[in-house]
Structures are given as structure tokens and as C-alpha cells.
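A.B. asks:
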Amino acid sequence: MKNLLATLADLSTFDEVIDVRTPLEFAEDHIPGAINAPVLSNEERVIVGTLYKQDPFAATKLDAGLVAKNLGIHLATTFKDKPKNWKPLIYCWRGGKRSGSMTTWFNLIGWKARQLQGGYKAYRADILVKLDAIPAVSRFIVLAGHTGCGKTRLLNALENEGAQTLDLEGLAKHRGSVLGASPASAQPSQKSFDSQLISQLSQFDPSRPVFVEAESKRIGLVHLPASLMLAIRAADCILVQASFEDRIRFLCDDYSNLFDDPLSFKTKLARLVEMHGKVVLAHWNELIDQGKKAELFSELISKHYDPAYKRSSQSNYLRLADARPLVIDPSSDLSECARQLIVDLGA
Numbered sequence: 001m002k003n004l005l006a007t008l009a010d011l012s013t014f015d016e017v018i019d020v021r022t023p024l025e026f027a028e029d030h031i032p033g034a035i036n037a038p039v040l041s042n043e044e045r046v047i048v049g050t051l052y053k054q055d056p057f058a059a060t061k062l063d064a065g066l067v068a069k070n071l072g073i074h075l076a077t078t079f080k081d082k083p084k085n086w087k088p089l090i091y092c093w094r095g096g097k098r099s100g101s102m103t104t105w106f107n108l109i110g111w112k113a114r115q116l117q118g119g120y121k122a123y124r125a126d127i128l129v130k131l132d133a134i135p136a137v138s139r140f141i142v143l144a145g146h147t148g149c150g151k152t153r154l155l156n157a158l159e160n161e162g163a164q165t166l167d168l169e170g171l172a173k174h175r176g177s178v179l180g181a182s183p184a185s186a187q188p189s190q191k192s193f194d195s196q197l198i199s200q201l202s203q204f205d206p207s208r209p210v211f212v213e214a215e216s217k218r219i220g221l222v223h224l225p226a227s228l229m230l231a232i233r234a235a236d237c238i239l240v241q242a243s244f245e246d247r248i249r250f251l252c253d254d255y256s257n258l259f260d261d262p263l264s265f266k267t268k269l270a271r272l273v274e275m276h277g278k279v280v281l282a283h284w285n286e287l288i289d290q291g292k293k294a295e296l297f298s299e300l301i302s303k304h305y306d307p308a309y310k311r312s313s314q315s316n317y318l319r320l321a322d323a324r325p326l327v328i329d330p331s332s333d334l335s336e337c338a339r340q341l342i343v344d345l346g347a
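Quick note: the sequence shown, position 285, residue 285 per UniProt numbering, numbers continuous.
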């Protein structure tokens, strides 16, 4: 047959992108927007791989039968209503037999299918190159400030008013602190986080700044690329400030759900025992049991978060000393504040 290969540069020319790897492989990471139509299930891939070590010919024959069966199922379900001029791009791990089989059969049917040259491995290599390159040529404005001052709310308000924003905690599905894990959703894999990060960075207009929160190099279980950390740590900063009372009130509201599961709350705080000691942790646990939100967050701010911020922020963010101060009430409507920042900074 004629050359049925395509490259990542051709991605936008296709009607659909199909990942034929197993559901487990797909869940770890995939090309954004791709659908999963596995030609081998998780279990089938293990069976074939195990057999291949013993008898390559038997494994190849079994593999062909399983792929044919699964292709038939997909044709009768997922792809049954696709029109004659449908043009999908198909990929597997490295552009081998799995994607090649589906591509060949789709073209025999009459569809204009192509196989991604190099498969997912080529895509991942491209992501790694972009993770180095794009942050280095981007202009960031960092929202710095103590815990509870409303940096995330201000970032969201800036986005709503049309500014370019990079919500790293949103991408990581974690708020970045010891209490930051989301009970509603697990964090993405590192590869998936990288893919989402590049997908968003690639959409930005390089002539305009990108607002981002100050972060450490790790958000929960995912790591920020070194190039991004270098870029944001050298960026201009806005020092977001709020009164102690406003910060407490904001945290009582923003983290109120933690009190719905006291055991989980205590488990998160237990990670601080080496830093603060068993006596302090026991006291904090009592405050949780008593539902004393304001007292607990007041102590967490004064004994843990503010000292940690003082230790790390000045050394990590080179321009923090020259930061523009911005005093807000984090519980208020920040729309007007965001609009004024956009005007002042030409964002």
C-alpha cells in the first residue's frame, strides 16, 4: 500500500486522533483530544507479552487474532457511523503493529487513515523538547504572597477578565500545600501533567504576559519542569497581601470541607509532626474535633505557613523585593481589581 505515515506536524489536519494502546497506557498519558480504542485490553497485552517470551510465533498469532476481534468490535460500535471521507490519525506506543493494523484495515475500508510515525514515543519526545523551550521564551508575572491571601481567586478573576493565566494547581489537581490534595479527584501522572501543561502554554500569545502563582518545584506528586521554574523565579512579581483576619476568614471558608472528614484532615496534618512535634499536633487534632476552624487556621498560619513562606520566598523569587504590593480582601469580588491589573500591566 502507499505510504500511510504522518507526523506530529500533520496533527491538525485530521478529523480525529485514535490511541489504540491499552486503557492503562491511555490513562497514564495520551495526545490531548485523542480517544481510546484499544486493539488489546490490559489483560490481553499481558497474556501476549508473557507468551512471546516463550514462543514468539504463537504469541504473534494470538496477538493477530485478538487485534482482529477487537477491531471488529470497534467497527461495529465506536466507528460504525463514520462517513466515507473520515480522516483519523492512529497511534500506539512507537508506531508499530498495533496502530499499523488498524490503519491498514481502515484504508481497506475506504477511510483516509494515517499512522503516527514514531507513535506515542515521538509525541512524548516532542513534549520534552517543548518543556525546555516554551517557558524560556514566555513572559510570566508571578502572584506571590502568604497562604490565605487569595492568589488563586485573583488568578481566576484575571482569567475571567481575559488575561492569560497558567493555573498550575488546577492542572495538578492539588493546592500545593500539605492540605492541598483534592478529595474529589486524583492527581494526573507526571506525563499527563506535562502534556496538559504544554497544551496550555502552546495556546498563549507570546506578546502578552502570563499570570501564574508562585509555586514550589513540586505540587503534590507532580514536578514542574526546570525550565518553567527558572522562568517564573526570574519573573516580575505582584505581592498579594491581606489582613490576618481576612486570611483566616477566607481559609475557614475555602478549606471548610476538611472538617467534614476529621480523620483525613488529621492524617494530612500528621505529615507535620517532625516539624512541630507531637504536642502541637495533638492540640491541632483537638481543634479539629471541636470544629474550631478559626483557631486552627490561625495557628497553622502563624506557626507553619508564614514561617515557611519567609524561609523560601525571598531566595526562590529573584524580583520579589521589587514586587508591586496589592492589598485585597480574598473573600470579596476581585473582578475590578483584576481589570485594573490588566490595564496597568498592559496584559
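Just so it is clear, CB atoms sit at the ideal spot from N, CA and C, and this is done for glycine as well. Since we're looking at a predicted model, the values are computed, not measured.
Output needed for M1: all residues of its chain with C-beta closer than 8 Å, excluding positions within five of it in sequence on either side, in chain order.
C.D. replies: Counting from one through the sequence shown, the residue named residue 1 turns up at place 1. Note that M1 has pLDDT 49, beneath the 50 cutoff, so the model's placement of it is unreliable and no number is given.
A.B. asks: Please tell me whether A186 and R319 are closer than 8 Å, where the distance is taken between their beta carbons.
C.D. replies: In the sequence shown, counting from the first residue as 1, residue 186 sits at position 186. In the sequence shown, counting from the first residue as 1, residue 319 sits at position 319. The answer is no: Cβ separation not under 8 Å.
A.B. asks: Helix, strand or coil for Y52? Go by DSSP, reduced to three states.
C.D. replies: Numbered from its first residue, the sequence shown carries residue 52 at position 52. Note: Y52 maps to helix in three-state DSSP.
A.B. asks: Have a look at Y123 and L171 and give me their C-alpha separation to the nearest angstrom.
C.D. replies: Within the sequence shown, numbered from 1, the residue matching residue 123 stands at position 123. Within the sequence shown, numbered from 1, the residue matching residue 171 stands at position 171. Their Cα atoms are separated by approximately 19 Å.
A.B. asks: Opposite F140 in the DSSP bridges: which residues?
C.D. replies: Reading the sequence shown from its first residue, position 140 is the one you call residue 140. In DSSP, F140 forms a bridge with V210.
A.B. asks: Looking at the unbroken alpha helix (DSSP H) that takes in C337, where does it start and where does it end?
C.D. replies: The residue you call residue 337 lines up with position 337 of the sequence shown. 335-345 is the span of the alpha helix (DSSP H), which, as asked, contains C337.
A.B. asks: H74 and A34: beta carbons closer than 8 Å?
C.D. replies: Translated into the one-based positions of the sequence shown, residue 74 becomes position 74. Translated into the one-based positions of the sequence shown, residue 34 becomes position 34. No. Outside cutoff.
A.B. asks: Using a Cβ-Cβ cut-off of 6 Å (strictly less than) and excluding sequence neighbours within five positions of E159, which residues of its own chain qualify?
C.D. replies: Here residue 159 corresponds to residue number 159 of the sequence shown, with the count starting at 1. Excluding sequence neighbours, E159 sits near T165.
A.B. asks: Thinking Y317 and V210 are a contact (beta carbons under 8 Å), I'd like their distance in whole angstroms, please.
C.D. replies: By 1-based counting over the sequence shown, the position of residue 317 is 317. By 1-based counting over the sequence shown, the position of residue 210 is 210. 16 Å between Cβ atoms; not a contact.
A.B. asks: Considering only residues of the UniProt domain "Rhodanese" (17-132), which uninterrupted beta strand (DSSP E) runs meet the minimum length of 3 residues and lie entirely inside it, listed in chain order?
C.D. replies: 88-91, 114-116
A.B. asks: Can you find the residues in the same chain that come closer than 8 Å, C-beta to C-beta, to L239, ignoring five residues on each side of it along the sequence?
C.D. replies: The residue labelled residue 239 in the question sits at position 239 within the sequence shown. Cβ within range, chain order: A144, G145, L320, A323, R324, P325, L326.
A.B. asks: In whole angstroms, give me the CA-to-CA distance for S189 and P32.
C.D. replies: Counted from its first residue, the sequence shown places residue 189 at position 189. Counted from its first residue, the sequence shown places residue 32 at position 32. Approximately 14 Å, taken between the alpha carbons.
A.B. asks: Where do the N-terminal and C-terminal ends of the alpha helix (DSSP H) with D253 fall, by residue?
C.D. replies: As a first step, residue 253 is located in the sequence shown; it is residue number 253 there, counting from the start. Where D253 is concerned, the enclosing alpha helix (DSSP H) stretches over 244-254.
A.B. asks: In the DSSP assignment, what are the bridge partners of H304?
C.D. replies: The count along the sequence shown starts at 1 and reaches residue 304 at position 304. H304 is not bridged to any residue.
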